[in-house]
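Asks: The structure is given below, and queries will be raised subsequently.
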Amino acid sequence: MQAEGESALAPSGQRARHVVALTLLRDLGEIGQSDLTATLGLDPTNVVALLNELEADGLVERRRLPQDRRRHTVSLTRAGKRRLAEIERMLAGVEQRVLSALTPNEQANLYRLLQRATASPGRVTAASCSTPSIPCHEPQVSGGHPAGPSHQTPGAP
């Protein structure tokens, strides 16, 4: 599924790491760059490069903190929100095609198992935010109840 997601993302110029960062910024709102780095669990240098790419595309905005000009906050722009919505719709189609061989109950079980397998207290994982392999929407099983991972605050049970 990840390969299909990456292929689908390619024309937009985005990669899975971009989608994860955009999703976090949408879900968390404006956040300190160092806090974003810690949440992503990446090296600060890699996060700077990632944010440079997103900022060059007009998808995020960094602002210096007036009280400490060495520190920045990061937020999603309107263009970033639109791009993320487009990506999530596209990835939902990929997910639907890839998982079409599974019954709705099997899909629900898969989501639960993936979320449990990747859960780590206090850390954002693929199961708690959109990635090409696990979008954050809630697939419906019979009866209209959500089956998959929900939009929840990262680190929440």
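Residue numbers 19 to 175, in this note's numbering, belong to the letters of the sequence shown in order. We put the CB at the ideal spot given by N, CA and C, even for glycine. As the structure is a computational prediction, the values presented were derived from the model and not from experiment.
Return the bridge partner residues of L94 from the DSSP annotation.
Replies: On the sequence shown, position 76 is the one that residue 94 refers to. Looking at the DSSP assignment, L94 forms a beta bridge with V78.
Asks: Using a Cβ distance threshold of 8 Å, determine whether the segment 114-126 contacts the segment 55-70, with at least three qualifying pairs required.
Replies: The segment 114-126 vs the segment 55-70: no contact.
Asks: Give the DSSP bridge partners of I49, in chain order.
Replies: Here residue 49 refers to the residue found at position 31 of the sequence shown. Its beta-bridge partners are V92.
Asks: Between the C-alpha atoms of A28 and A39, what's the straight-line distance to the nearest angstrom?
Replies: The residue given as residue 28 occupies position 10 in the sequence shown. The residue given as residue 39 occupies position 21 in the sequence shown. Rounded to the nearest angstrom, the two C-alpha atoms are 17 Å apart.
Asks: So I49 packs on V92, CB below 8 Å; how close in whole Å?
Replies: Residue mapping note: residue 49 aligns to position 31 of the sequence shown, counting from 1. Residue mapping note: residue 92 aligns to position 74 of the sequence shown, counting from 1. Between V92 and I49 the Cβ distance is about 6 Å, and since that is below 8 Å, they are a contact.
Asks: Does the Cβ-Cβ distance between S44 and K99 come in under 8 Å?
Replies: Here residue 44 refers to the residue found at position 26 when the sequence shown is read from its first residue. Here residue 99 refers to the residue found at position 81 when the sequence shown is read from its first residue. Looking at the sequence itself, residue 44 is Arg, so the reference to Ser does not match. A contact, by the Cβ cut-off of 8 Å.
Asks: How would you write the range of the alpha helix (DSSP H) that L120 sits in, first residue to last?
Replies: On the sequence shown, residue 120 is found 102 positions in, with the first residue counted as 1. Here L120 belongs to no alpha helix (DSSP H), and DSSP marks it neither H nor E.
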